[in-house]
Structures are given as C-alpha cells and as structure tokens.
Amino acid sequence: MEKPTVDQVWEWLDAVPDPEIPVISLVDLGIIRDVAWQGDTLCVALTPTYSGCPATSVIEMDVETALRGHGIEKLELKRQISPPWTTDWLTEKGRAKLEDYGIAPPQPAGGPSRCPQCHSTNLERISQFGSTPCKATWRCRDCLEPFDYFKCI
Amino acid sequence: MTRDEALFEFLLRMGDNTLILGHRVSEWCGHSPVLEEDIALANTALDMIGQTQLWLGLAGEVEGKGRTADNLAFLRDAWDFRNVLMVELPNGDFGQTLMRQFLYDAWSFVMTDWLKGSADERIAAIAEKAHKEVTYHLERSGDTVIGLGDGTEESHRRMQAALDYLYPYCGEMFEKDKADELLAEAGIAPDPAELRAEYDDIVGRVLAEATLAIPGGDYVHKGGRNGRMHTEHLGHLLTSMQWLQRAYPGAAW
Chain D
2 MEKPTVDQVW EWLDAVPDPE IPVISLVDLG IIRDVAWQGD TLCVALTPTY SGCPATSVIE
62 MDVETALRGH GIEKLELKRQ ISPPWTTDWL TEKGRAKLED YGIAPPQPAG GPSRCPQCHS
122 TNLERISQFG STPCKATWRC RDCLEPFDYF KCI
Chain B
782 MTRDEALFEF LLRMGDNTLI LGHRVSEWCG HSPVLEEDIA LANTALDMIG QTQLWLGLAG
842 EVEGKGRTAD NLAFLRDAWD FRNVLMVELP NGDFGQTLMR QFLYDAWSFV MTDWLKGSAD
902 ERIAAIAEKA HKEVTYHLER SGDTVIGLGD GTEESHRRMQ AALDYLYPYC GEMFEKDKAD
962 ELLAEAGIAP DPAELRAEYD DIVGRVLAEA TLAIPGGDYV HKGGRNGRMH TEHLGHLLTS
1022 MQWLQRAYPG AAW
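In the order they appear, the protein sequences are chains D and B.
For the first sequence, my numbering gives the first residue as 2, with consecutive numbering after it.
For the second sequence, my numbering gives the first residue as 782, with consecutive numbering after it.
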C-alpha cells in the first residue's frame, strides 16, 4: 500500500467523533497534537483534555480503529501531556458545532457569551461542574433552559 | 539516599495524596446533598485520580523495577503509603469534606505552581497539567468555604468545627526531610517550608471572608508523608479501594 499523506491522515482523523460529544471531531477538539511518518510507521500524538478523563483510552481505541480501517498497518500512538491541552485549541468549526448542539463554547471571560438556545445574555451559573470534566452547568434566565458550557482552561 | 531514591519518595508523596484524597472524595458519589454537588465532587475526584496516574506512573519509571501506577496504587499496604494524614481522614459531613478540600487545594495550588519550573522536565509537564485543574478546584472549594462559613448559623458552626478539627493536620504538608533537601538542592522540588507564606496568604484571605477563625495552638499531626505512622483510617480505606486486586490478584478488564 502507498503511504497516505499526512494531510490525508488529518482528514481521516477529522471524521472520528469525540466519544462524549459526538458532534465534534477529535481534530475539532484539538487533542490530536501531531501526525508524522517515521519510516513506514505512522506516529500520532494525542493529549488528554483532563488528566482523569475516562474518554482518553476510548479515544485512543477509536483512532486506532479508524486508521486501521484505512489500511494503516504500522501505527504508534503517543500520549503527550506537555504542553497541556487548552480550549484555545478548539477549531472554529468545532465551536460552531458545539453551539448548534446546545453546548455553549468556551470564552476567555470564563462564562458563556449567550444561551445556545435563544441567544439571550441573561445567564446564571448553576454549577462549576457538569456531565463531563470539560463542562459546567448554566441556565438561561430568559428561556429558562439549562445548558452545558464547555469550560475554558 | 540517592537522588533517584529521593525522587521516588517525592513522587509517591504527590501521587498518594491525590490517590487517597481522590478515593475519599469519590465516596460522596451518589450521596451528596444535591445533584450539582455530587457531580462536582465526582469530577474533582476524577481529576485527582488522573493526576495520580501521572505521578505514580513516573514514580514507577524512576524506581525502575517495572511497577506501574496501578501496581503502586493497588499492591502496596498502609505502611508504604506516603500521603499526609489529612487526606486519609474520613469525610465527615459535606462541610468538613469541602474544608479539607480547600486546605488541600491551596497547598496543591502553590506546590504545582512551583513545580511548573522544576529542573526535571517530566515533573514540570505533570505540574503544568495538574495546575490548571487545581486552580479550578481551589476556586470552587474556596467559594464553597466562603458560602458555608458566611452562611447560616448552623453552616457557620459546622465549618468552624471542621476547621478546628482539620487545621492541626495542615502543618504536615510543610514538613521537610532528607529527600526534600536533596531535591531542593537540585532545583527539582521546593523546600516545603518555602511554600508556607503563600499558602497562609490564600488560606487567610478565604477564611477571613468566610468569617472563620484560624485556631490557635501549634500542634501538628504528622507521620503520613514519611510513612512513620498513618491513622487507623488508611487501612480501612485500602480494604475498600484495593478489594478487587486483593480478592482477584491480577484481574483486568
């Protein structure tokens, strides 16, 4: 088999959904840190979002399954913790998809900019934590819908 | 004592603190006063267990005997643990759990902040990752201590009682021995006492806002971080945490 280009591999990885928030891809989430060929071995570096995120090992399995499905035989997955993951690495495409899905994307100010349902800015925080380590729980005071906020780290 | 032996000791101290406190906090899962607090405690516990994997993983690597983070967590007995006594104490009520979390988070915040500049790159990388999580934990535990301390008469009374009980355990985090001296000389880890001023500053500020009084007296409960003597509570905790590996050695899924 001819070696696929690195760009091709990035494209494949962009089709692998995040297991917890399947509306965005692993590339959107910014956790794929590097794709490179070393000889005939494809090396992919991943970084965990939170150190204890239980999705990390599922993600590694999903990456492996996807790349094997595209015929990659020699594959090396590397877990890299430095520099630590930051929500700045979310892609613009990913941020837009999050909001469409009902999750407010992270903001440098530390809270959501608007309600993902009705776009009101009249909001309140319910809890600093949410259904996964990367989220907090907020509520819109206008439409009264609770929603997840992808917290900024 | 070689530098690697000192490093192993230090990494066990870091990893055992997060492991044992992570386990304690996870005991709240399904029992918290309200759902949001339940989720928050479980998430905090999860972060600490994640940090444990990094610290104990590196400890095993430094030791060089092929032990993994799991081996160190599940196959040691009480006398080999190096966590400070405060983290192994039973949870008490919700307020006491949050007070302990705050007193620990403030130390962890100052410690990981220092370690970000460690001469050992592996430690600096873990610290940089952990510090982000700890910053978030500290914000939450500090806010909760203020909310409950400066809350109702009942919540204030309970938070003051929690502080009176836990404060004498704080000093152990700043104890120093030969391992600390060796690592401090090499720029790998701080002289623990050096962290005290910043810690006192954070704790003092939050407790003042919480209308709580720092108890007098200078007695310090210690013996965990050097392994001399743990409290009776650690053994009981391990029987639960290590039960599966004790009953079914080597079990995996």
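For glycine and all other residues, C-beta sits at the position ideal for the given N, C-alpha and C.
Under a criterion of Cβ atoms nearer than 8 Å, the residues of chain D adjacent to Gly831 of chain B are, in order, Pro49, Tyr51, Ser52, Gly53, Cys54. At a beta-carbon threshold of 8 Å, the residues of chain D lying near Tyr917 of chain B are Gln129, Lys152, Ile154, ordered along the chain. Residue nearest to Gly998 of chain B within the set B:Cys951, B:Thr992, B:Glu902 is B:Cys951 (criterion: CA-CA distance). Per DSSP, reduced to three states, the secondary structure at Ser922 of chain B is helical. Put simply, the backbone Cα of Met1010 of chain B is about 20 Å away from that of Met1022 of chain B. In this structure, the alpha-carbon of Trp86 of chain D lies about 42 Å from that of Glu934 of chain B.
The DSSP assignment places complete beta strand (DSSP E) segments of no fewer than 3 residues inside the segment 42-112 of chain D at 42-47, 76-80, in order along the chain. Annotation: the continuous alpha helix (DSSP H) that includes Tyr946 of chain B extends over 934-951.
Counting other Cβ atoms within 10 Å of its Cβ, Leu99 of chain D reaches 16 or more and is therefore classed as buried.
Against Arg1027 of chain B, chain D offers no close residue; the least beta-carbon distance is about 23 Å (beta-carbon pairs closer than 7 Å).
A distance below 8 Å between beta-carbons, with the five flanking residues on each side excluded, links Asp19 of chain D to the following residues of its chain, in chain order: Ile25, Ser26, Leu27, Asp29, Leu30, Ala56, Ile60. Taking one beta carbon from each stretch, the segment 93-111 of chain D and the segment 65-78 of chain D have fewer than 3 pairs nearer than 8 Å; the two do not touch.
When beta bridges are read from the DSSP output, Asp901 of chain B appears opposite no residue. About 38 Å separates the beta carbon of Gln941 of chain B from that of Ala905 of chain B, a gap too long to meet the 8 Å contact definition. Annotation note: the segment 980-1005 of chain B contains no uninterrupted beta strand (DSSP E) run of length 3 or greater.
Using a CB distance below 8 Å, the part of the segment 64-82 of chain D facing chain B consists of Ile82, ordered along the chain.
Taking 8 Å as the cut-off, the beta carbon of Ala787 of chain B is found closer than this to the beta carbon of Ala960 of chain B.
Here Ile22 of chain D carries a coil assignment [DSSP, helix/strand/coil]. For Lys913 of chain B, the nearest beta carbon of chain D is closer than 8 Å to its own beta carbon. In the DSSP annotation of this structure, the continuous segment of the alpha helix (DSSP H) that includes Asp894 of chain B starts and ends at 875-896. Take the alpha-carbon of Arg903 of chain B and the one of Cys144 of chain D: they are about 48 Å apart. B:Val891 is the residue among B:Gly932, B:Gly803, B:Val891 whose C-alpha sits nearest the C-alpha of Ala974 of chain B. The C-beta of Asp149 of chain D has 16 or more other C-beta atoms within 10 Å across all chains shown, which makes the residue buried.
Secondary structure note for Ser1021 of chain B: its alpha helix (DSSP H) is the uninterrupted segment 1013-1022. Linking Gly40 of chain D to Val7 of chain D through their CA atoms gives a straight-line distance of about 13 Å. The C-beta of Trp11 of chain D has fewer than 16 other C-beta atoms within 10 Å across all chains shown, which makes the residue exposed.
One thing to note: Asp861 of chain B has its Cβ no nearer than 8 Å to the Cβ of Gly1031 of chain B.
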